[in-house]
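Enquirer: The letter at position 287 of the sequence shown is residue 286 when you use numbering that gives the first Met the number 0, and the numbering goes up by one with no holes. Built from N, CA and C at the ideal position, the CB exists for glycine as well. Take this structure, written in structure tokens, and hold onto it; I'll ask about it next.
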Amino acid sequence: MFDPNELSIEMVQILDENGGGDEAKIASFSDDWLLNAYKAMRRARVIDERLLRMQRQGRIGTYAPFSGQEAAQVGSALALRSDDWIFPSYREVAVCLLQGMPLEQFFHYVQGRLSGKRMPDGVNIFPTQIIIAAQTLHAVGCAWASKLKGEPHVSVAYFGDGATSEGDFHEAMNFAAVYNVPVIFFCQNNQYAISVPYAKQTASRTIAQKALAYGMKGVLVDGNDVLAVYETMKQAVDAARRGEGPMLIEALTYRLGPHTTADDPTKYRRPEEVEAWRQKDPLHRVRVLLARRGLWTEAQEEAFVAEVNAEVTAAYEAAIASKSGSIADVFDHVYSEAPKLLAEQKAEVMRRKQAKGVK
Numbered sequence: 000m001f002d003p004n005e006l007s008i009e010m011v012q013i014l015d016e017n018g019g020g021d022e023a024k025i026a027s028f029s030d031d032w033l034l035n036a037y038k039a040m041r042r043a044r045v046i047d048e049r050l051l052r053m054q055r056q057g058r059i060g061t062y063a064p065f066s067g068q069e070a071a072q073v074g075s076a077l078a079l080r081s082d083d084w085i086f087p088s089y090r091e092v093a094v095c096l097l098q099g100m101p102l103e104q105f106f107h108y109v110q111g112r113l114s115g116k117r118m119p120d121g122v123n124i125f126p127t128q129i130i131i132a133a134q135t136l137h138a139v140g141c142a143w144a145s146k147l148k149g150e151p152h153v154s155v156a157y158f159g160d161g162a163t164s165e166g167d168f169h170e171a172m173n174f175a176a177v178y179n180v181p182v183i184f185f186c187q188n189n190q191y192a193i194s195v196p197y198a199k200q201t202a203s204r205t206i207a208q209k210a211l212a213y214g215m216k217g218v219l220v221d222g223n224d225v226l227a228v229y230e231t232m233k234q235a236v237d238a239a240r241r242g243e244g245p246m247l248i249e250a251l252t253y254r255l256g257p258h259t260t261a262d263d264p265t266k267y268r269r270p271e272e273v274e275a276w277r278q279k280d281p282l283h284r285v286r287v288l289l290a291r292r293g294l295w296t297e298a299q300e301e302a303f304v305a306e307v308n309a310e311v312t313a314a315y316e317a318a319i320a321s322k323s324g325s326i327a328d329v330f331d332h333v334y335s336e337a338p339k340l341l342a343e344q345k346a347e348v349m350r351r352k353q354a355k356g357v358k
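Structure, rendered in structure tokens:
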């Protein structure tokens with residue numbers, strides 16, 4: 000008999016919340032790597048905080064903040080190649096930026112423009128998936144295509160803990176394992192599916208252990224430790240590229256802000272819980288390590304934050320200055336040849352616009 004209560008899964012951690020930990024492994028990371036990782040996380044935090052404020056000011060649409068999850072996103076993205084394929088949910092801004100998405104383009108997305116998710120050539124990021132867990136299926140399909148073509152690409156499906164309650168997730172896991180495709184299922188377990196806490200989503204102690212039922216490897220990693228996330232992801236990606244099949248990674252982290260700007264997390268989370276996770280901030284532990292190595296000062300911090308804020312302002316201004324879409328876009332890009340009824344509807348809308356003198 001298999002008893003799940005006897006299952007032991009240890010969490011991978013290298014850098015703890017105090018900037019210490021496994022000193023031998025910490026020493027294996029170069030100064031340049033640590034600086035690059037910290038800057039990517041700090042840039043992501045500044046961008047996230049600016050986007051949240053801009054939404055409150057009515058300058059962009061609904062937004063899903065990700066502060067607190069920077070290590071999970073940056074650590075995993077740094078382990079990828081530019082020709083790997085990314086299948087994001089609505090919260091993977093840091094991943095997409097590291098994989099080549101221009102910041103200006105993201106502003107198009109949060110302003111509801113058609114161009115918002117039309118990635119530049121060579122940027123292997125699929126459109127943001129709003130339907131929970133649907134991107135897991137797409138990632139498996141892409142990975143299968145890579146395998147059939149003999150291409151060395153790895154596909155990565157990013158999702159949250161709530162997605163593991165969806166049928167699409169389980170179908171994708173089963174198919175990926177049966178066909179041994181090069182896909183990584185990267186779950187950022189940020190403790191809540193909107194307002195539903197982890198304990199009310201599943202009886203499993205970890206999400207990582209769900210991999211056992213599908214015959215694939217699973218690993219639990221400290222999602223606030225960018226070093227551990229990178230090392231875990233690198234091992235998974237390298238194995239997938241060698242033809243060793245899929246892997247499920249659970250990055251244990253926490254969403255410090257609301258689910259989206261339409262959410263009020265004070266209705267379902269205690270302030271003490273949020274504060275406890277703030278003490279595990281992924282940026283703080285890396286900054287402590289950088290200071291210990293004499294690599295980062297308060298002056299450098301202030302200058303870098305100012306630089307990123309200027310970048311955000313420039314990207315936003317460029318986005319609003321560019322040509323916006325048209326109501327006609329609603330009818331296009333669905334069919335290669337529009338059905339008669341759709342064409343008639345488009346013609347009627349355009350006729351009414353012209354009659355009102357609307358451009």
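Kindly identify the DSSP beta-bridge partner or partners of Met246.
Expert: By one-based count along the sequence shown, residue 246 stands at place 247. Paired residue(s): Ile183, Lys216.
Enquirer: Quick check: what's the CA-CA separation for Ser154 versus Gln200?
Expert: Taking the sequence shown and counting its residues from 1, one reaches residue 154 at position 155. Taking the sequence shown and counting its residues from 1, one reaches residue 200 at position 201. About 26 Å.
Enquirer: Have a look at Gln234 and Cys186 and give me their C-alpha separation to the nearest angstrom.
Expert: Residue numbering aside, residue 234 sits at position 235 when the sequence shown is read from its first letter. Residue numbering aside, residue 186 sits at position 187 when the sequence shown is read from its first letter. Distance between the alpha carbons of Gln234 and Cys186: 16 Å.
Enquirer: State yes or no: is the C-beta of Trp84 within less than 8 Å of the C-beta of Asn35?
Expert: Translated into the one-based positions of the sequence shown, residue 84 becomes position 85. Translated into the one-based positions of the sequence shown, residue 35 becomes position 36. Their beta carbons are not under 8 Å apart, which means Trp84 does not touch Asn35 by this criterion.
Enquirer: Considering only C-alpha positions, which residue in the set Ile326, Ala212, Val311, Tyr213 is nearest to Arg58?
Expert: The residue labelled residue 58 in the question sits at position 59 within the sequence shown. Closest option to Arg58, Cα to Cα, is Val311.
Enquirer: By Cβ distance below 6 Å, which residues in the same chain neighbour Gly18 in space, the five residues on each side in sequence not counted?
Expert: The residue given as residue 18 occupies position 19 in the sequence shown. Result list for Gly18: Arg284, Val287, Leu288, in chain order.
Enquirer: Quick one: grab the DSSP three-state call for Gly159.
Expert: In the sequence shown, counting from the first residue as 1, residue 159 sits at position 160. Three-state DSSP puts Gly159 in a strand.
Enquirer: Checking 8 Å against the spacing of the C-beta atoms, do Asp224 and Gln12 come in under that value?
Expert: The count along the sequence shown starts at 1 and reaches residue 224 at position 225. The count along the sequence shown starts at 1 and reaches residue 12 at position 13. Against a cut-off of 8 Å, the Cβ pair of Gln12 and Asp224 comes out as a contact.
Enquirer: Could you check where the beta strand (DSSP E) with Trp84 kicks off and where it finishes?
Expert: As a working mapping, residue 84 is identified with position 85 in the sequence shown. Where Trp84 is concerned, the enclosing beta strand (DSSP E) stretches over 84 to 86.
Enquirer: Does the Cβ-Cβ distance between Ala138 and Ala162 come in under 8 Å?
Expert: Position 139 of the sequence shown, counted from the first residue, corresponds to residue 138. Position 163 of the sequence shown, counted from the first residue, corresponds to residue 162. Taking 8 Å as the Cβ cut-off, Ala138 and Ala162 do not qualify as a contacting pair.
Enquirer: In this structure, what does DSSP give as the bridge partners for Ser154?
Expert: Position 155 of the sequence shown, counted from the start, is the residue given in the question as residue 154. For Ser154, which the question treats as bridged, DSSP gives the partners Trp84, Val182.
Enquirer: Among residues of its own chain, excluding the 5 on either side of Asp167, which ones have a beta-carbon nearer than 6 Å to its beta-carbon?
Expert: In the sequence shown, residue 167 corresponds to position 168, counting from 1. These residues qualify, in order along the chain: Ala132, Ala133, Thr135, Leu136.
Enquirer: From Ser88 to Ser323, what distance separates their C-alpha atoms?
Expert: Position 89 of the sequence shown, counting from 1, holds the residue named residue 88. Position 324 of the sequence shown, counting from 1, holds the residue named residue 323. Looking at the two C-alpha atoms, the distance is approximately 24 Å.
Enquirer: Output the boundary residues of the alpha helix (DSSP H) element that contains Val225.
Expert: Within the sequence shown, residue 225 is the residue found at index 226, counting from 1. Element bounds for Val225: 225 to 240.
Enquirer: On the premise that Glu103 lies in contact with Ala317, defined as a C-beta separation below 8 Å, what is that separation, rounded to the nearest angstrom?
Expert: Here the question's residue 317 lines up with position 318 in the sequence shown. Here the question's residue 103 lines up with position 104 in the sequence shown. Confirmed, Cβ separation roughly 5 Å.
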